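Asker:
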Amino acid sequence: IKLSTSGPDHYFGVYRHPEKEFSQSIDALVYEPSRIAEHNRADATFLAMGIPASLLHRDRPEAGIHINIDIGLMVSRNLCEITGLALSGYLASRLLLLEPRSDGEAVAQAEQVLTDAEKFCQKIETRFRETAPNLWDKTPESERGMLEQTIKSLREQWGIRFDELLSWICQNASDRHKTKIISPVQSYVLTLLPLCLLLVLREGRGFDSSLTIGLNMGKEADKTGILVGIWAGAIYGWQGIPELWRSGLVNGKEIRLRGEGLFSGRFPKEAKDIYEMELGLTTKEFEVGKKYFPKPSTKFTRPTP
Numbered sequence: 001i002k003l004s005t006s007g008p009d010h011y012f013g014v015y016r017h018p019e020k021e022f023s024q025s026i027d028a029l030v031y032e033p034s035r036i037a038e039h040n041r042a043d044a045t046f047l048a049m050g051i052p053a054s055l056l057h058r059d060r061p062e063a064g065i066h067i068n069i070d071i072g073l074m075v076s077r078n079l080c081e082i083t084g085l086a087l088s089g090y091l092a093s094r095l096l097l098l099e100p101r102s103d104g105e106a107v108a109q110a111e112q113v114l115t116d117a118e119k120f121c122q123k124i125e126t127r128f129r130e131t132a133p134n135l136w137d138k139t140p141e142s143e144r145g146m147l148e149q150t151i152k153s154l155r156e157q158w159g160i161r162f163d164e165l166l167s168w169i170c171q172n173a174s175d176r177h178k179t180k181i182i183s184p185v186q187s188y189v190l191t192l193l194p195l196c197l198l199l200v201l202r203e204g205r206g207f208d209s210s211l212t213i214g215l216n217m218g219k220e221a222d223k224t225g226i227l228v229g230i231w232a233g234a235i236y237g238w239q240g241i242p243e244l245w246r247s248g249l250v251n252g253k254e255i256r257l258r259g260e261g262l263f264s265g266r267f268p269k270e271a272k273d274i275y276e277m278e279l280g281l282t283t284k285e286f287e288v289g290k291k292y293f294p295k296p297s298t299k300f301t302r303p304t305p
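Just so it is clear: in the sequence shown, position 214 is 214 by my numbering, and no numbers are missing.
Structure (structure tokens):
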């Protein structure tokens, strides 16, 4: 609400247009905090929400799992969505343990990461069943284990060509989500999670390479960018981010403070409010974008003699 009334005149940045499903779930928390979430789609709306708790509790993974399931149930009742939320966070902490290969190519431990991800999905579904047995009973049998089975199939086909894997991602998601999916960057859990794993663990040759490939694929570039950025950042670290990118960050100081806070387990007192960060980003986006905005045409009319 604050962002909708502030900022550059007649300009609304990307962060001021949240998705309808996201807005409805968050608004419901304010007015009906104890209700069961209405959201019941595996549309990758909430994947990034699992990252902070997993990083904060990386030394106590069970605590991170418990918190992320609670977070997931506050905003969604969909098993695949909640499993994806928790998995996104788990992978951020898991990839911190990896080291990029000396030749600069993608990490060599991809198979083990994918195997661990399968086991983690099993664990999340078990915790989901224990925490919300009524929702588990209402979840169709065909929707149970979808993400685990997808990660397993991705691991088994890891060696095929990139374009073939992209086609497989679309077909697998279409079959399991029971809807026609024609692009791996459409907003579904079973498209974005496998795609981002592929970009970070196989196709990328560093932080900048992984992120650039993902963003250039378009569509849900904001979601792809978050997942690839977090996971590739966990592998390659701060020094792996090009200097030009680091120096150009609008909220660079705030990002660093929050990263240090996640590492230490304490939120920095001097950090800005998230509203100020988003407003600063929107303003910067407007200033940079002005040179590309279409300019109104002016027609010259010669005066009548």
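Each residue gets a CB set at the ideal place from its N, CA and C atoms; glycine is no exception.
Since this is a predicted model, take the numbers as computed values, not measurements.
#1: Could you work out which residue in R144, G145 and N172 is closest to Y157 when comparing CA atoms only?
#2: Residues in its own chain within less than 8 angstroms of I160 by CB, not counting five upstream and five downstream?
#3: Could you check what DSSP says for A48 in three-state terms: helix, strand or coil?
#4: Starting from M146, trace the alpha helix (DSSP H) both ways and give me its first and last residue.
#5: Can you check whether the CB of S187 is closer than 8 angstroms to the CB of A44?
#6: Grab me the residues of Y90's own chain with a C-beta within less than 7 angstroms of its C-beta, minus the 5 sequence neighbours each way, in chain order.
#7: Count the other C-beta atoms from every protein chain shown that fall within 10 angstroms of the C-beta of K223, then say buried if there are 16 or more, exposed otherwise.
#8: For R77 and R258, what's the separation of their Cα atoms in angstroms?
#9: Does the Cβ of F162 have 16 or more other Cβ atoms within 10 Å, making it buried, or fewer, making it exposed?
#10: Hey, could you find the ends of the alpha helix (DSSP H) S167 is sitting in?
#11: With respect to the alpha helix (DSSP H) encompassing R127, which residues constitute its N-terminal and C-terminal limits?
#12: Please classify T83 as buried or exposed, where buried requires at least 16 other C-beta atoms within 10 Å of its C-beta.
#13: Output the boundary residues of the alpha helix (DSSP H) element that contains P61.
#14: Taking the Cβ atom as the reference point for each residue, do V200 and A232 lie within a distance shorter than 8 angstroms?
#15: Does T139 pass the burial test, meaning 16 or more other C-beta atoms within 10 Å, or should it be called exposed?
#16: Nearest to E62 by CA position, among A110, K123, T115 and T179, is which residue?
#17: Which one of A42, I36, E38 and S209 has the shortest CA to CA distance from T179?
#18: What would DSSP say about E287, mapped onto helix, strand or coil?
#19: Counting only the same chain and skipping the five closest in sequence on each side, list residues whose C-beta sits under 7 angstroms from that of L262.
#20: When you compare only the Cα positions, how much space is there between S142 and L197?
#21: Within 10 Å of its beta-carbon, does I181 have 16 or more other beta-carbons around it, so buried, or fewer, so exposed?
#22: Leaving aside the five residues before and after I36 along the sequence, list all residues of the same chain whose C-beta is less than 7 angstroms from its C-beta, in chain order.
#23: Enumerate in chain order the residues of its own chain whose CB-to-CB distance from L135 is below 6 angstroms, with the five nearest sequence positions on each side excluded.
Answerer: Taking the definition as stated:
#1: Note that residue 157 corresponds to Gln in the displayed sequence, not to Tyr. Of R144, G145 and N172, the residue nearest in Cα terms is N172.
#2: Result list for I160: W168, in chain order.
#3: Of the three classes helix, strand and coil, the one that applies to A48 here is helix, per DSSP.
#4: For M146, the enclosing alpha helix (DSSP H) starts and ends at M146 to E156.
#5: Yes; because the gap between Cβ atoms is below 8 angstroms, this pair is in contact.
#6: Excluding residues within five positions, the ones whose Cβ falls inside 7 angstroms are S54 and F120.
#7: Its Cβ being crowded by 16 or more others within 10 Å, K223 is buried.
#8: Straight-line Cα distance between these residues: approximately 29 angstroms.
#9: Burial call: exposed.
#10: Looking at the DSSP string, the run of the alpha helix (DSSP H) that includes S167 is F162 to H177.
#11: Per DSSP, R127 belongs to the alpha helix (DSSP H) from A110 to T131.
#12: So T83 ends up on the buried side.
#13: Segment P61 to V75, the alpha helix (DSSP H) holding P61.
#14: Cβ atoms of V200 and A232: closer than 8 angstroms.
#15: So T139 ends up on the buried side.
#16: The candidate whose alpha carbon is nearest that of E62 is K123.
#17: When each option's Cα is compared against that of T179, the closest is A42.
#18: Correct three-state label for E287: helix.
#19: Excluding positions up to five away in sequence, the list reads P52, L55 and L56.
#20: Distance between the alpha carbons of S142 and L197 is about 24 angstroms.
#21: Answer is buried; the Cβ neighbour count reaches 16.
#22: For I36, where only same-chain residues beyond five positions count, the Cβ hits under 7 angstroms are R77.
#23: Result list for L135: R77, in chain order.
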